[in-house]
Amino acid sequence: MFSAILTAAGSLAAKSVARMPEAIVPPSFDNGASLYLSNLFIMTAATFLGAMMVGKQANRIWNQRIWDHPLHPVTLYRLVVMLLAAGITLRCGAEAMFLWGWSPTDVVTSARVSMAKRWIDPIAVACGMTAFSIVVLGEPGIEHQLRKAPLPVDMWSRWPVLVRALAVIILSFVAALAAVCLR
């Protein structure tokens, strides 16, 4: 895998990028700067938010390992959330890397990020499929536990927790806007 990324200079991807007309955005955007901006923004924000969720769930699993055994419903819930977030992080991260790395004047970098993206995508999908498998296997036990007693959920008190996520979203938009406007 890594040798293919390192030999990107002579790759078909590099030759394809070199043959393209010089544009500030990849050809698939049809010179639509606003579409490029929205994709760059969303993929960047989703990468960071997904990474934050992976870290949070991994930390919770680790800190609660003494009380929650590996097949405990809350551990399975956290594992599913962590795997789905990892899939989103990897998939959106690969796309963000491609969009940030796009440069028709630097075909080697464009080819490297394009090839790396193709290696990361199957790993991202594997994370999602593993999460789906855990849901299918653990669903009866998790549903049984959830039905045992009323489980009040007070979502309104948790809104302040989203402030950090909102800051990531705003910073991602500003960075994407600056990248598109300054090209």
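When the letters of the sequence shown are read in order and numbered with numbering that gives the first Met the number 0, they come out as residues 0 to 182. Even glycine gets a Cβ: it sits at the ideal position worked out from N, Cα and C. Nothing here was measured: the structure is a model prediction, and the numbers come from that model.
Segment limits, alpha helix (DSSP H) that includes residue i
i	result
residue 113	106-145
residue 28	Segment: none, residue 28 is in no alpha helix (DSSP H) and carries neither H nor E.
Alpha-carbon to alpha-carbon, residue j and residue i
i	j	result
residue 89	residue 76	20 Å
residue 152	residue 59	19 Å
residue 142	residue 56	20 Å
residue 124	residue 132	12 Å
residue 178	residue 38	12 Å
residue 196	residue 115	Not covered by the structure: residue 196. The range shown for the chain is 0 to 182.
residue 71	residue 171	36 Å
residue 4	residue 43	With a pLDDT of only 48 at residue 4, under 50, the local geometry of the prediction cannot be trusted, and the value read off the model is given with reservation. Straight-line Cα distance between these residues: approximately 22 Å.
residue 35	residue 101	11 Å
residue 128	residue 169	31 Å
residue 157	residue 180	36 Å
residue 126	residue 145	25 Å
residue 51	residue 150	26 Å
residue 85	residue 134	16 Å
Reduced DSSP secondary structure (H/G/I, E/B, other) of residue i
i	result
residue 96	helix
residue 159	helix
residue 171	helix
residue 81	helix
residue 101	coil
residue 60	helix
residue 182	coil
residue 4	In this prediction, residue 4 has a pLDDT of 48, which is less than 50 and means its spatial position is unreliable; what the coordinates show is noted afterwards. Looking at residue 4 - three-state DSSP - the assignment turns out to be helix.
residue 44	helix
residue 148	coil
residue 91	helix
residue 72	helix
residue 154	coil
Check whether the stretch 109-123 touches the stretch 148-165, taking contact to mean three or more Cβ pairs, one atom from each stretch, closer than 8 Å.
No, the stretch 109-123 does not touch the stretch 148-165.
Given 8 Å, three or more beta-carbon pairs between the stretch 63-72 and the stretch 98-112:
Here the stretch 63-72 makes no contact with the stretch 98-112; the two share fewer than three CB pairs at distances below 8 Å.
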